[in-house]
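Trainee: Quick one: the structure is below, questions incoming.
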Amino acid sequence: MFDPTIYDNIKVVLEGAVYDLDLDGKIIITRRQDQVDLSSMSRTYAIEFARKIDKPSKAEINLHVHLSDLAAEILENPSAKPGCTLTIKLFTKVKNPDMECPYIEEQLGAIWDQRPQVIQLLSYEYGQQPISYHNQITLSFGRKVDESQIDDFPHLIAYAVDSLAWLDERGN
């Protein structure tokens, strides 16, 4: 038997908290990914959800750990501070990026109390008149997480659900 890593412990807590909301009917899980990248020896866990199946916006909680963090933890390197990277991705559509994107950034900043960095990536299918743009909004916290932040995860997930509610209600 092995000792679970920081990544394993956080993944179990995140997954359980998101599935609890799904069981309560507050969200619907739309996709789950649990990946080991053998070329970089890293691990990624992502779970995507929406508020309701007919709502256009989705959220994804993404947990990633690099080989260097796994090795530092397993080898008990006293000078290292191992942890994982946690990001939230929100997926929605915008029709007028010049007007909507600054407003989205402002409102998400208010929901998240200005904590994460908000990065918006717009795309559309070339050759098609863009009726709307796909907007991938990444909320980056700029630091590693470990088990000491586990008590914050229910709040983090609640903020993600609040963000989805706001994106859905703003009128895509």
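Residue numbering for the sequence shown follows the working numbering, beginning at 67 and increasing consecutively.
Think of the CB as a built atom: it goes at the ideal place given N, C-alpha and C, for glycine as much as any other residue.
1) Just tell me which of ASP164, TYR199 and ILE185 has its CA closest to the CA of PHE207.
2) If we count Cβ pairs, one from each stretch, closer than 8 angstroms, do we get three or more for the stretch 115-123 versus the stretch 141-154?
3) Once the 5 residues before and after ARG98 are set aside, which same chain residues still bring their CB inside 6 angstroms of it?
4) Specify, as a first and last residue, the run of the beta strand (DSSP E) that ASP100 falls within.
5) Cα-Cα, which of GLN173, HIS130, ALA226 and PRO220 is closest to ARG236?
6) Evaluate the contact criterion for the stretch 153-164 versus the stretch 135-142: three or more CB pairs, one atom per stretch, below 8 angstroms.
7) Let me know if LEU87 comes out buried or exposed under the rule of 16 or more other beta-carbons within 10 Å of its beta-carbon.
8) With respect to the beta strand (DSSP E) encompassing TYR199, which residues constitute its N-terminal and C-terminal limits?
9) Excluding the 5 residues preceding and the 5 following MET67 in the sequence, name in chain order all residues of the same chain whose CB lies nearer than 6 angstroms to its CB.
10) Helix, strand or coil: how does DSSP classify TYR111 here?
11) On the DSSP letters alone, give me the boundaries of the beta strand (DSSP E) that HIS130 sits inside.
12) Between which two residues does the alpha helix (DSSP H) carrying GLN173 extend?
Mentor: For this structure:
1) On the sequence shown, position 141 is the one that residue 207 refers to. Comparing Cα positions, the closest option is ILE185.
2) no
3) Here the question's residue 98 lines up with position 32 in the sequence shown. Hits under 6 angstroms: ILE113.
4) As a working note, residue 100 is residue 34 in the sequence shown. From DSSP, the beta strand (DSSP E) with ASP100 extends over 94-103.
5) The residue given as residue 236 occupies position 170 in the sequence shown. Here the closest residue by C-alpha is GLN173.
6) no
7) Counting from one through the sequence shown, the residue named residue 87 turns up at place 21. The residue in question, LEU87, is buried, as its Cβ has 16 or more Cβ neighbours within 10 Å.
8) For this step, residue 199 is matched to residue 133 along the sequence shown. Start and end: 199-211.
9) Position 1 of the sequence shown, counting from 1, holds the residue named residue 67. Note that MET67 scores 49 on pLDDT, short of 50, meaning its location in the model is unreliable and no value can be drawn from it.
10) For the purposes of this step, residue 111 is taken as the residue at position 45 of the sequence shown. Looking at TYR111 - three-state DSSP - the assignment turns out to be strand.
11) The count along the sequence shown starts at 1 and reaches residue 130 at position 64. Looking at the DSSP string, the run of the beta strand (DSSP E) that includes HIS130 is 124-131.
12) Position 107 of the sequence shown, counting from 1, holds the residue named residue 173. First-last of the alpha helix (DSSP H) with GLN173: 163-177.
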